[in-house]
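Participant: As they're listed, the protein sequences go chains R and H. Take the first sequence: its letters are residues 583 to 1158, numbered as in this note's numbering. Take the second sequence: its letters are residues 583 to 1158, numbered as in this note's numbering.
Protein chains: 2
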Amino acid sequence: MADYERLLRVARGSEPADLVVRGADLVNVVTREVYPATVGICEDTIAYVTEPGDIHCSARQVIEAAGMWLAPGLIDSHMHIESTHATPEHFADAVVPRGVTTVAQDPHEMANVLGCEGVEYMRCAARGLPLRVLTFVPTCVPAVPGLETSGAAFTAREVEALLDGPDTIGLAEVMDYWGVIRQAPRISEIVRAGRRRGAILTGHIRGLGGRELNTYLAAGIDSDHERLTPGGILARTRLGMTVEITRDNIAEAVESWHQRGGLDNLVWVTDDVPPHELVREGHLDVAVRRAIALGMAPADALRAATLAPALRLRRPDLGQIAPGRRADLLVIGDLASFSVHLTIVSGRIVACDGQMLQPSQPGCRPPAAALHSMHRMPPSPDQMAVRGPGRTALARVLTGRGRGLELRELPLASGAVAWEDRPDLALATVWHRHGLNQNHSAVLIAGSGLRVGALATTYAHDSHNLVIVGRDSADMALAARALIDSGGGYAAVAEGQLRALVPLPVAGLLAEAPVTELARGFDAFVEAAHALGVTENPIRLLTSLALPVVPSYRPTDLGLVDVERQTIIPAFEFDG
Amino acid sequence: MADYERLLRVARGSEPADLVVRGADLVNVVTREVYPATVGICEDTIAYVTEPGDIHCSARQVIEAAGMWLAPGLIDSHMHIESTHATPEHFADAVVPRGVTTVAQDPHEMANVLGCEGVEYMRCAARGLPLRVLTFVPTCVPAVPGLETSGAAFTAREVEALLDGPDTIGLAEVMDYWGVIRQAPRISEIVRAGRRRGAILTGHIRGLGGRELNTYLAAGIDSDHERLTPGGILARTRLGMTVEITRDNIAEAVESWHQRGGLDNLVWVTDDVPPHELVREGHLDVAVRRAIALGMAPADALRAATLAPALRLRRPDLGQIAPGRRADLLVIGDLASFSVHLTIVSGRIVACDGQMLQPSQPGCRPPAAALHSMHRMPPSPDQMAVRGPGRTALARVLTGRGRGLELRELPLASGAVAWEDRPDLALATVWHRHGLNQNHSAVLIAGSGLRVGALATTYAHDSHNLVIVGRDSADMALAARALIDSGGGYAAVAEGQLRALVPLPVAGLLAEAPVTELARGFDAFVEAAHALGVTENPIRLLTSLALPVVPSYRPTDLGLVDVERQTIIPAFEFDG
Chain R
583 MADYERLLRV ARGSEPADLV VRGADLVNVV TREVYPATVG ICEDTIAYVT EPGDIHCSAR
643 QVIEAAGMWL APGLIDSHMH IESTHATPEH FADAVVPRGV TTVAQDPHEM ANVLGCEGVE
703 YMRCAARGLP LRVLTFVPTC VPAVPGLETS GAAFTAREVE ALLDGPDTIG LAEVMDYWGV
763 IRQAPRISEI VRAGRRRGAI LTGHIRGLGG RELNTYLAAG IDSDHERLTP GGILARTRLG
823 MTVEITRDNI AEAVESWHQR GGLDNLVWVT DDVPPHELVR EGHLDVAVRR AIALGMAPAD
883 ALRAATLAPA LRLRRPDLGQ IAPGRRADLL VIGDLASFSV HLTIVSGRIV ACDGQMLQPS
943 QPGCRPPAAA LHSMHRMPPS PDQMAVRGPG RTALARVLTG RGRGLELREL PLASGAVAWE
1003 DRPDLALATV WHRHGLNQNH SAVLIAGSGL RVGALATTYA HDSHNLVIVG RDSADMALAA
1063 RALIDSGGGY AAVAEGQLRA LVPLPVAGLL AEAPVTELAR GFDAFVEAAH ALGVTENPIR
1123 LLTSLALPVV PSYRPTDLGL VDVERQTIIP AFEFDG
Chain H
583 MADYERLLRV ARGSEPADLV VRGADLVNVV TREVYPATVG ICEDTIAYVT EPGDIHCSAR
643 QVIEAAGMWL APGLIDSHMH IESTHATPEH FADAVVPRGV TTVAQDPHEM ANVLGCEGVE
703 YMRCAARGLP LRVLTFVPTC VPAVPGLETS GAAFTAREVE ALLDGPDTIG LAEVMDYWGV
763 IRQAPRISEI VRAGRRRGAI LTGHIRGLGG RELNTYLAAG IDSDHERLTP GGILARTRLG
823 MTVEITRDNI AEAVESWHQR GGLDNLVWVT DDVPPHELVR EGHLDVAVRR AIALGMAPAD
883 ALRAATLAPA LRLRRPDLGQ IAPGRRADLL VIGDLASFSV HLTIVSGRIV ACDGQMLQPS
943 QPGCRPPAAA LHSMHRMPPS PDQMAVRGPG RTALARVLTG RGRGLELREL PLASGAVAWE
1003 DRPDLALATV WHRHGLNQNH SAVLIAGSGL RVGALATTYA HDSHNLVIVG RDSADMALAA
1063 RALIDSGGGY AAVAEGQLRA LVPLPVAGLL AEAPVTELAR GFDAFVEAAH ALGVTENPIR
1123 LLTSLALPVV PSYRPTDLGL VDVERQTIIP AFEFDG
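Structure (structure tokens):
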């Protein structure tokens, strides 16, 4: 914080401010008004907010902002940096020019690959950035114990140790809501560890209501970012929940606002934003922009990205432009389109017109374990075959992106299931890559559109094993080898040739590269995947394929998971 | 907190609740709606809030509340228990039946008499009460160092030690705002001690605005309870301040609400409530009742006494009726008149229809130092004389309750100022009573109305020395003796007889007596004072006479203080 003595001298006008912004209209997210004001800053703190014309406003640096607006910096209270595939410093450089000045990260993906070391890296890399990064401790590592093998498993012991770390404010989304409600020991101990510390307990639930929702809330977990109707938003607000609205849910939130006026508990969050969407559309600024475009008053649209998340994060020093608060603020060129001219963090101008003034330096580089996270020999083409006794196999084929299941009888050729002549099928395989075992599994999927070649990734929620979907075993093996060689990432292969590669050498999740570069890689990968025939979003196809919390059928390294029954079922049955 | 395992079983309906309230309309202070709901409680926590007709609502005890309302318990975020003159347990018994379930006390008066021991007593006596008592550490002990002698003097050392105590949440009203703004060492060190701990810093300022107000806020002190106009309320809300509205300022706050709608930062507080007013009108319930009577929506009127102060006090577990929150709630018989039927604190019904179910037991009794706080021999009638050389004296006479000063020439008789034949004058004397010195001072006051006798008190803001106002030196001495004998309090004497006595034997401030009994004593004292001719409020006359922060002229044990100049001026000048 600013030197106290100097701060007060600047506030009362007996010493020049470090920075003064004048001529702009201040968007007040407390009173929800817009009016002209001059803001004086001393070091990292707002020293005064005064009317235009105050004579005691000398400063070392003055920003003349006539015709512009002043708003608090944006605060994202639920997000995963890993979803952008950039290491924290490159993430900062991508979002700070868009007006994001604070994020509360949940390094859930890094935790699933590297355990505590992954969380510690994400915390340490974020230190000293021109972006305030708070951390929630991942609680569900892996998401579904016993149905998948991730690189680490957290009990209350790991969570407690991480909770005591710097800038760490609570428990990240407690996805295992059935475990909470049914009082499963592991997650109950983790929740109790959070409660003992008086930490913020954040949640994620799917379609929960009634007494089950009450039970989850009684445990002290009082937020969620699942998509809601306006009625759902109201119902949860009534129960005191913080309603986290992702960018695909803004229309419903604005409708709710139109119906009910002020929504104190509403916060915009990003959750996951892939790099090409970040570059094309934006980050948390998208929420503000869309809400304003949908007719929400700008002060209310901003409140849900500033004051409301600051209160949620129990940071009264953030989220508003007022004397004594942190000098995290934005000079907005055009309020209606929410175009950020300047981003000021802790009193320093760090970005101007979409560009950082200086590239950010990470608090630390990735640890060795992150740079060597592919603990698996490349599988051979032969290992892609599904072998069994007899002459035919009954295959459980995933349809509708895992929502349905279809039984198909397939012949065996040389002891392997012969599926390649069915043009609607592809083989999806999951390979444990964290060195804890040699597990792998295979299941057929229908309707992906893939005609030839193979797609692979190591960013596969939530265990981030190696997922390969393909029509050709040689191409599948080549894709695997390419990712193992590059330390992980995304690969598209066809006819024995690498068509696209996005290397993510940090834990197989991230790259130490600008988000714009990652976005180009993703665009190329998506293009290559579509060229191979994939009709749906290939990123979503790969990254959610092995996520055993999404209904209804998902392959993991342990086999085919029946998500509703939370059990493993055979993907193939042989008649021999 | 409630047993976690059991709480969740009750929440999901697999075990009966301890208490269910059903049939009532819930006043939701988050969404500002009123709708029917059933509330289930497990131990001290709300387990569920569900729609009427939920079948899994069995309970050990059921309150049928058809035709009534449910509201969160009231939270008073700025108040002095001492103003009621009751020890904490009797205070609780007076306010809990009125719906107050949490108070954030500032034991400023006890601190001025007994220092840290006084604060510790107020904290410890409050432990285990059916009332949640949080504590702010008094910061201005004495209010104006160098111009009065109280029983203790706090530096940052005392404040820091107290801040680390139980249930202690921040710094109490930093009244020495000039000291903050001008960076006087003592108060600056105290503020910095609070800042270092991230404590809540509360304020009290008089008529401050512009850059001076900004400076005070820059120090991190962001609340005030001075009376404001609607424009003043808006101006302070703009600056991010918590606007604490006392009961004489509710009309302006409601007007502001009518003009602007929701006022997130508005909280009702009581500050000071004397016992006879508490019994006659009420406590924080008065604010809710008045606001509703003035046309404020009940949910908004309640929000300012529940959710808003809970957020201010950084207690997300308080202030709303929702699963997982503390079961502090009220069953309201009639919402329009805000009549509280039942008060439930931590899940226990503790008061019904204006009566406690059981008298409260204090966490501890007053310490010996509190029971022997009159460190002064009774002054003799002769000591009441103002002596000096020569034949005449020029007296600075206080007019308009200390707002003005008038010069009067008075003769000397036998070496003492002869003022008794001027019927509009009375002598006001202040006697140090804390044993630190033998100081006393005298000044003449005009316009009190006092014709005969004497009035005295040991509850005299903020140093709580012995204040005696009289027309007759023998009566003044008798009043002093009565208070010294009874350990402090209020006394009215005339013609050699004690006309009224309110003993306050705990530090000369409090009695271990029900507030109703204290109220009767106060009524008798006020009646006696009026019988002696006092026209204005005799309590206010005595208690604010020696308060050297109220403009313009105030006597303390050190002499006559010119408040604006913050210096001592002679009350009498002699020609000899």
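Ideal placement from N, C-alpha and C gives every residue a C-beta, glycine not left out.
(1) Would you mind telling me which residues of chain R sit closer than 8 Å to H:ASN847, beta carbon to beta carbon, in chain order?
(2) Excluding the 5 residues preceding and the 5 following R:THR737 in the sequence, name in chain order all residues of the same chain whose CB lies nearer than 8 Å to its CB.
(3) Using a Cβ-Cβ cut-off of less than 9 Å, list which residues of the region 792-810 of chain H approach chain R; keep chain order.
(4) Which residues, taken in chain order from the region 605-630 of chain H, show a beta carbon closer than 9 Å to some beta carbon of chain R?
(5) Can you tell me the Cα-Cα spacing of H:ALA892 and H:ARG908, whole angstroms?
(6) Does the beta-carbon of H:ILE1027 have 16 or more other beta-carbons within 10 angstroms, so that it is buried, or is it exposed?
(7) What is the rounded straight-line gap between the Cα of R:GLN643 and the Cα of R:MET956?
(8) Whose C-alpha, out of H:ALA967, H:ASP867, H:ILE1066 and H:ILE623, is nearest the C-alpha of H:ALA1024?
(9) Please confirm whether H:LEU893 has its beta-carbon closer than 8 Å to some beta-carbon of chain R.
(10) Helix or strand or just coil, what does DSSP make of H:GLY814?
(11) For R:VAL1088, tell me which candidate among R:THR721, R:ALA1082, R:GLY1031 and R:ALA952 has the shortest Cα-Cα distance.
(12) What are the residues in the region 808-829 of chain H lying within 9 Å of chain R by C-beta distance?
(13) Using Cβ-Cβ distances below 7 Å, what residues of the region 668-688 of chain R are close to chain H?
(14) Just to make sure I have the definition right: I need the residues of chain H whose C-beta is within less than 7 Å of the C-beta of R:PRO905. Which are they?
(15) Is there a Cβ of chain R sitting closer than 8 Å to that of H:ILE769, yes or no?
(16) What whole-angstrom Cβ distance do H:GLY747 and H:ARG705 have, given they're in contact under 8 Å?
(17) Near R:VAL1049, which residues of its chain fall below 6 Å by C-beta distance, leaving aside the five closest residues on each side in sequence?
(18) Classify H:TYR703: buried if its beta carbon has 16 or more other beta carbons within 10 angstroms, exposed otherwise.
(19) So within the region 1025-1112 of chain R, which uninterrupted alpha helix (DSSP H) runs reach at least 4 residues, ignoring any that extend past its ends?
(20) Taking its Cβ as the centre, do 16 or more other Cβ atoms sit within 10 Å of H:MET661, making it buried, or is it exposed?
(21) Where does R:ASN831 land, buried or exposed, given buried means 16+ other C-beta within 10 angstroms?
(22) Are there 16 or more other CB atoms within 10 angstroms of the CB of R:ILE637, so buried, or fewer, so exposed?
(23) Mind checking who H:PRO654 pairs with in its DSSP beta bridge?
(24) Measuring CA to CA, which of R:ASP658, R:PRO654 and R:GLU1077 is closest to R:LEU917?
(25) Suppose you measure from the CA of H:PRO670 to the CA of H:LEU860; what does that come to, to the nearest Å?
(26) Nearest-angstrom Cα distance between R:VAL913 and H:ARG842?
(27) State yes or no: is the C-beta of H:ALA1010 within less than 8 Å of the C-beta of H:LEU992?
(28) Verify the CB distance criterion: does R:GLY761 have a CB-CB separation below 8 Å to chain H?
(29) Rounded to a whole number of angstroms, what is the C-alpha to C-alpha distance between R:ARG1022 and R:GLU730?
(30) I want to verify the contact list: residues of chain H whose CB lies under 9 Å from the CB of R:GLU587, in sequence order.
(31) Would you kindly check if the distance between the Cβ of R:ALA1093 and the Cβ of R:VAL1075 is under 8 Å?
(32) Name, in chain order, the residues that DSSP records as bridge partners for R:GLN643.
(33) Check the Cβ of H:THR632 against every Cβ in chain R and list those closer than 9 Å, keeping chain order.
(34) Specify whether the region 1139-1152 of chain R and the region 1068-1085 of chain R touch according to this definition: at least 3 beta carbon pairs, one from each stretch, less than 8 Å apart.
(35) What residue does the beta strand (DSSP E) around R:GLY752 start on, and which one ends it?
(36) Would you kindly report the start and end of the unbroken beta strand (DSSP E) that includes R:ASP1144?
Facilitator: So, to answer that:
(1) VAL612
(2) ARG768, GLU771 and ILE772
(3) GLY792, ARG793, GLU794, LEU795, ASN796, THR797, TYR798, LEU799, ALA800, ALA801, GLY802, ILE803 and ASP804
(4) LEU608, ASN610, VAL612, THR613, ARG614, GLU615, TYR617, ALA619, GLY622, CYS624, THR627, ILE628, ALA629 and TYR630
(5) 11 Å
(6) buried
(7) 50 Å
(8) H:ALA967
(9) yes
(10) helix
(11) R:ALA952
(12) LEU816, THR819, ARG820, LEU821, GLY822 and MET823
(13) none
(14) ASN796, LEU799, ALA800 and LEU821
(15) no
(16) 6 Å
(17) VAL1012, THR1039, ALA1042, LEU1124, LEU1127 and ALA1128
(18) buried
(19) 1055-1068
(20) buried
(21) buried
(22) exposed
(23) H:LEU911
(24) R:PRO654
(25) 14 Å
(26) 26 Å
(27) no
(28) no
(29) According to the sequence displayed, residue 1022 of chain R carries His and not Arg. One C-alpha to the other measures close to 11 Å.
(30) GLN765 and SER770
(31) no
(32) R:LEU601
(33) GLY792, ARG793 and ASN796
(34) no
(35) 750-756
(36) 1141-1144
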